[in-house]
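Please read the structure below before turning to the comments.
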Amino acid sequence: MPDRIAVLGTGLIGGSIALGLKERTDAVVVGYDRSDEDLALAATLGAVDEATTDLAEAVCDADIIIIALPVGAIKETIDRLTSLPLKAACIVTDVGSTKSEIVAHAQKLKQQDVIFIGGHPMAGSHRSGMKAAHSLLFENAYYVLTPDPDTSLLAVQKLSRLLHLATKAELVIMDPVHHDRVVGAISHLPHIIAAGLVNMVGDYNEQNEWFHRLAAGGFRSLTRIGASHPVMWRDILLSNREELINLLDDWVLQINNMRDAIHEGDGDRIEAFFARSRRLRAQLPDRKKGLLAPVYECWLDIPDVPGEIARVTAILSEQSVNISNIEVLNNREELPGVLKLTYKKEHDFKRAVACLKEAGYAVYADRT
Numbered sequence: 001m002p003d004r005i006a007v008l009g010t011g012l013i014g015g016s017i018a019l020g021l022k023e024r025t026d027a028v029v030v031g032y033d034r035s036d037e038d039l040a041l042a043a044t045l046g047a048v049d050e051a052t053t054d055l056a057e058a059v060c061d062a063d064i065i066i067i068a069l070p071v072g073a074i075k076e077t078i079d080r081l082t083s084l085p086l087k088a089a090c091i092v093t094d095v096g097s098t099k100s101e102i103v104a105h106a107q108k109l110k111q112q113d114v115i116f117i118g119g120h121p122m123a124g125s126h127r128s129g130m131k132a133a134h135s136l137l138f139e140n141a142y143y144v145l146t147p148d149p150d151t152s153l154l155a156v157q158k159l160s161r162l163l164h165l166a167t168k169a170e171l172v173i174m175d176p177v178h179h180d181r182v183v184g185a186i187s188h189l190p191h192i193i194a195a196g197l198v199n200m201v202g203d204y205n206e207q208n209e210w211f212h213r214l215a216a217g218g219f220r221s222l223t224r225i226g227a228s229h230p231v232m233w234r235d236i237l238l239s240n241r242e243e244l245i246n247l248l249d250d251w252v253l254q255i256n257n258m259r260d261a262i263h264e265g266d267g268d269r270i271e272a273f274f275a276r277s278r279r280l281r282a283q284l285p286d287r288k289k290g291l292l293a294p295v296y297e298c299w300l301d302i303p304d305v306p307g308e309i310a311r312v313t314a315i316l317s318e319q320s321v322n323i324s325n326i327e328v329l330n331n332r333e334e335l336p337g338v339l340k341l342t343y344k345k346e347h348d349f350k351r352a353v354a355c356l357k358e359a360g361y362a363v364y365a366d367r368t
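Residue numbering for the sequence shown follows the UniProt record's numbering, starting at 1 and increasing by one per position.
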């Protein structure tokens, strides 16, 4: 008999996993959500075989339960599962971006002969909801599992194989504490820093509106994650607070060291700081999907004559390139070109750069 899998939450993450399950496995997928709209869309797109707003109905006889909900709702859902008659040896996993607190909270499920294995698919997107779900969202990304040392190896292998088939991600086994420190450093801390910069410049702008007028180009790109969902990030940061306190202390040391170098006029120290950053950034993997969604942008010089922008869009349209956004740059601080084009998908970005260069435009491309 095929596995019966309950996907609790049919938003971007749960919807993408469900689509992958239906495309690449013979599992029966039951979708649960409080949103009738997302459930209806999931059914229409073929992501689920059954859809329900009743949690007990969704998990009844499930072999595997995937809690694809925000961090703030995962513990609450685990509590609700403890009061339901789950199938013996059922595997429960989640997709939360913090693991230590959730794994500890899930210990109570052991009383029901249920196996909990923490999980975190490490790929991001700017969009949300079932409408943004895609069966290849996690392709070539890392998918971290954080089983307890005493977890059945067969259960870990079963879940790993299933998720690899469904997502085409690379499965990694990791200690939950280690996971939280790594993710805190590469995702949670950057979100705090970006939001802090935006808030600081916003304070300055209240006295002088030129701060926002000139905050184009590099500043906007640098701080794009500062626009993240406030409630979601409140819950994530509080769930990972112990690791983040240590990381913030380390960040304060970094900033204080740079402050001291500037105050002392120590040019060699400042240069070494940026030289090391440049060298280390060049070592970062470029082809792997990560927690922070990639941005695909290019800039090009165009003559200031009527119809030139229309010509550019016509060239891309002929090649079936989908442009996400187009922007004429007045302030070009630290940026080449006068026309900025943004794409949601890498293949559109690559095709656009190639055909615009072939058409004779000077194109500057950088995928960040």
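The beta-carbon is built from N, C-alpha and C at its ideal position, and this holds for glycine as well.
Item, Value
"Count the other C-beta atoms from every protein chain shown that fall within 10 angstroms of the C-beta of PRO147, then say buried if there are 16 or more, exposed otherwise.", "buried"
"According to the Cβ coordinates, are GLY9 and ALA166 closer than 8 Å?", "no"
"I need the straight-line Cα distance from residue 392 to LEU109, nearest angstrom please.", "Nothing about residue 392 can be reported from this structure: the residues present for the chain run from 1 to 368 only."
"State the Cα-Cα distance for the pair residue 379 and ASP94, rounded to the nearest angstrom.", "Because the chain in this structure spans residues 1 to 368, residue 379 falls outside the shown range and cannot be described."
"If you drop the 5 nearest sequence neighbours on each side, which residues of the same chain put their C-beta closer than 6 Å to that of ARG332?", "A caution first: ARG332 carries a pLDDT of 43, below 50, which makes its placement in the model too unreliable to give a value."
"Note down the Cα distance separating GLY267 from LEU253, rounded to an integer number of angstroms.", "19 Å"
"Hey, ALA62 and LYS87 are a contact pair by Cβ (cut 8 Å); roughly how many whole angstroms apart?", "6 Å"
"Compare the beta carbon distance of ILE74 and VAL92 with 8 Å and say whether it is the shorter of the two.", "no"
"So LYS340 is in the alpha helix (DSSP H); what residue range does that whole segment cover?", "Segment 339-343 is the beta strand (DSSP E) holding LYS340; no alpha helix (DSSP H) there."
"Between the segment 310-322 and the segment 348-358, do at least 3 Cβ pairs fall closer than 8 Å?", "yes"
"Between ILE315 and TYR364, what straight-line distance do the alpha-carbon atoms span, to the nearest angstrom?", "17 Å"
"Tell me, to the nearest whole angstrom, how far the beta carbon of TYR143 is from that of ALA169; I am working on the premise that it is less than 8 Å.", "4 Å"
"Is DSSP giving PRO149 helix, strand or coil here?", "coil"
"Starting from GLU267, trace the alpha helix (DSSP H) in both directions and tell me its first and last residue.", "Strictly speaking, residue 267 in this sequence is Gly, with Glu absent from that position. Counting along the chain, the alpha helix (DSSP H) containing GLY267 begins and ends at 267-282."
"Would you kindly work out how many angstroms separate the C-alpha atoms of ALA43 and LEU12, rounded to a whole number?", "14 Å"
"Thinking ALA68 and GLY14 are a contact (beta carbons under 8 Å), I'd like their distance in whole angstroms, please.", "3 Å"
"From what residue to what residue does the beta strand (DSSP E) around PHE116 run?", "115-122"
"Could you tell me which residues DSSP pairs with residue 400 in its beta bridges?", "Coverage of the chain is limited to positions 1 through 368, which leaves residue 400 absent and any answer about it impossible."
"Taking the alpha carbon of ILE102 as the point to measure from, which residue in CYS60, VAL177, ARG311 has its own alpha carbon closest?", "VAL177"
"DSSP has TRP299 in a bridge; who is on the other side?", "LYS340, TYR364"
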